Every structure is written in structure tokens, then in C-alpha cells.
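The next block holds one structure in the form of C-alpha cells; read it before the comments.
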Amino acid sequence: MFSVVIPTYNRKPILEKCLRALEKQAWSEPYEVVVVDDGSTDGTVDWLRDRSAEFPHVNLFCQNHLGPSAARNLGVEKAQGDMIIFIDSDLVVLSTFLQSHGAALAKGRQELGSDRFFTYGRVINTCNFDQPTAEPYKVTDFSAAFFATGNVAIPKHWLLEAGLFDTGFQLYGWEDLELGVRLKNLGLKLIKAPEAVGYHWHPPFSLAQIPNLIDKEIQRGRMGVLFYQKHPTWEVRMMIQMTWIHKVLWGLLSLGGLLNEKTMAPLLQWLIDRGQPQLALEAARIFLNWYNVRGVYDAYAELKAQSC
302 MFSVVIPTYN RKPILEKCLR ALEKQAWSEP YEVVVVDDGS TDGTVDWLRD RSAEFPHVNL
362 FCQNHLGPSA ARNLGVEKAQ GDMIIFIDSD LVVLSTFLQS HGAALAKGRQ ELGSDRFFTY
422 GRVINTCNFD QPTAEPYKVT DFSAAFFATG NVAIPKHWLL EAGLFDTGFQ LYGWEDLELG
482 VRLKNLGLKL IKAPEAVGYH WHPPFSLAQI PNLIDKEIQR GRMGVLFYQK HPTWEVRMMI
542 QMTWIHKVLW GLLSLGGLLN EKTMAPLLQW LIDRGQPQLA LEAARIFLNW YNVRGVYDAY
602 AELKAQSC
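The sequence shown maps to residues 302 to 609 in my numbering.
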């Protein structure tokens, strides 16, 4: 039985699309959708309770605003199924979503002779709210992550054996990839399921979003150092961009910080005005990644200073 675990926080408009898509699955077996509200203030809980008849597969649980790690852990604990699918509340799936994960899981079990694996579906980024599933796959949608909670199916008992998500990751980033390291250490393999497609919606990029995006990159840098503390390997250093390679790369691309949110603003706005918000966002990653690298090294320096 599938249990689709979805943490949510103030995402009611896109959550509605997410849940309606999950109610239209071409899947004959029983399944449930475990929604964990992480202290939303936009009326999500009342809205779901008022429309429980429209979402017969949804089981709603609530917690104070403790973050996505705690929300996913609660979802796993409450899940009735033996197979967990993680998606985010801003993901809209196709009607064949569960069917595709189910087929990939059956094929993997046949090939490996065990359940020591998980399936990883495709995530396509889109800013099309009206028709999110109309967006084509793009090169920028490729992900090399081993385990990410945007679209993954895994036996529940492996999550429990690995210890679930570390709620010490209080800021933005890395909690799912850190769990992925522990799952890899247990010998789990990744099996890709590109037919299990989810469309990750986000608002069209605008200059007003830049301060929040910069803050997230700095947070991601700090949480990256926590990730490295737990798993001090070269692989993790590469993942969190704490290497001389990344320092040189993003330092050069940003001209040592000269290409930043202020100097690039006219170009970014020009792209946005011409209907290219996604291209503008990719250009902004030049300085966003530079903020991330600086955040990593600043946090690491603080950690070393505290240990002296």
C-alpha cells in the first residue's frame, strides 16, 4: 500500500491542485495521502476539513511550525502503508504517477531480488499555475541527487532503520540528502522512474524574490556545514560546494562578487520583461551560488573558531 506523505506550510492554492491530481490516479490498489500541516496560517487546515468528502484519500495531521523534517517524520509515523512516497505540496503529478512508481518498484525487486532500493521520479520545474503539467522537460530540470524528497518512493522500514530525517536541520536545505547518505550506507540503491512525473510549481521569478533567495542560499550554506559535520567526506564537500573548485568557479563567474543582485538587476529585469523569468533565474544563480559558497565557508570558519 502506498502512503504519499506531503508536508505543507501556507501553500493552499497549489496544494489544492496537488491533492486533486492525487485523487485522479489510475491505480486500482488502496493508497492514502498523508498531509502534515506544519502550522499554516493561511486557512489550509480548515479548508481541508471542510472539503474532506472531495479528498477521500487524504488523512490530515497537524503540528506546530517545526519544519519539513519534523513534518515528514510525523507523516511516516502516521502512514498506514508499507511504501512511502514523498512529494512536496507544490508538486502536481500525472494520473499515472502511482502506477509508474509501482511498475518501477516491481521491476527493481525482480532485478535485485530484494527491496533494498528506492525509486526516484522525474521533477519538472514550472511557473505555469493554470496548467503546470504542460511544461516540457528541460536540461535545467536534471538532478544528480541520490535521494531527494521531491518525488521518491521507498519502503517504510528502511526509513525507520535509517532513523528518519534529522530535525537538527532547522534552516533551509540538505535534510533529505543527509538521510540519503545514511540510506546509501545501508546499501540501498537508486532506481530512476522517469515516467513517474511531478511538476514542481513556483511563482515566476521576479526581482522582489531575490532577498529571500539570497537568505536561503546563506541558510543552505550553514546547513551544509552541519551535513559535513555528520558525514566528513569528500563527496559531501562536493555536494555542499565546500571545495576550492567551487570557490574558484563561482568567484570567477561572479567576478569576485561584482556580478551581484544590484549590478545584474537591469539584465534580470530585461529578461523578465521579455517573458523569460526562468532564464533570468538561471542567470541569477551566478551570484546566488556565490552567496552559498561564502555562506559555507563563513559557517565553517565559525565552527572552527568555536572548537578552538
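Beta carbons are placed, not taken as given, at the ideal position from N, Cα and C, and that holds for glycine. The structure presented is a predicted model; accordingly, all values stated were derived computationally and were not measured.
Any beta-carbon of chain C closer than 7 Å to the one on residue i?
i: P433; result: This model lacks chain C altogether; it includes just one protein chain.
Nearest-angstrom Cα distance between residue i and residue j?
i: Q542; j: D351; result: 45 Å
i: R595; j: S304; result: 39 Å
i: A327; j: A446; result: 28 Å
i: W459; j: A407; result: 17 Å
i: D613; j: N311; result: Because the chain is modelled from 302 through 609, residue 613 falls outside the range shown and cannot be assessed.
i: E317; j: W502; result: 12 Å
i: D442; j: L569; result: 20 Å
i: L553; j: W545; result: 12 Å
i: E479; j: T564; result: 35 Å
i: A509; j: R575; result: 17 Å
i: G499; j: V346; result: 24 Å
i: Q530; j: K325; result: 43 Å
i: R373; j: I455; result: 13 Å
In the DSSP output, what is residue i paired with across the bridge?
i: H501; result: L392 and N426
i: P308; result: V337
i: N452; result: I388
i: L491; result: F419
i: S332; result: According to the sequence shown, residue 332 is Tyr rather than Ser. Answer by DSSP bridge pairing, in chain order: F303.
Applying the criterion that 16 or more other CB atoms from any shown protein chain within 10 Å of the CB defines a buried residue, is residue i buried or exposed?
i: G522; result: buried
i: Y438; result: exposed
i: D383; result: exposed
i: Q579; result: buried
i: C319; result: buried
i: L489; result: buried
i: W591; result: buried
i: P369; result: buried
i: A435; result: exposed
i: T278; result: The structure shown does not extend to residue 278, since the chain is modelled only from 302 through 609, so no value can be given for it.
i: S390; result: buried
i: P567; result: exposed
i: H366; result: exposed
i: Q520; result: buried
i: T427; result: buried
i: L461; result: exposed
i: E476; result: buried
i: E333; result: buried
i: D339; result: buried
Thinking residue i and residue j are a contact (beta carbons under 8 Å), I'd like their distance in whole angstroms, please.
i: L527; j: G464; result: About 15 Å separates the two Cβ atoms, so there is no contact after all.
i: S401; j: A494; result: 6 Å
i: N452; j: L375; result: That pair is no contact at about 20 Å.
i: G625; j: G474; result: A question about residue 625 goes unanswered here, because the residues of the chain that appear run from 302 up to 609.
i: Q364; j: V337; result: 7 Å
i: T420; j: A497; result: 7 Å
i: I388; j: I307; result: 6 Å
i: K379; j: F356; result: Rounded, the Cβ-Cβ distance is 16 Å, inconsistent with contact.
i: K457; j: I385; result: 5 Å
Jot down the residue ranges of each uninterrupted alpha helix (DSSP H) in the region 335-413, minimum 4 residues, whole runs only, in chain order. Counting only runs of 4 or more, we get 345-351, 369-379 and 398-413.
Would you mind listing the alpha helix (DSSP H) stretches within the region 551-587 that are 4+ residues and don't spill past its ends, in chain order? 566-574
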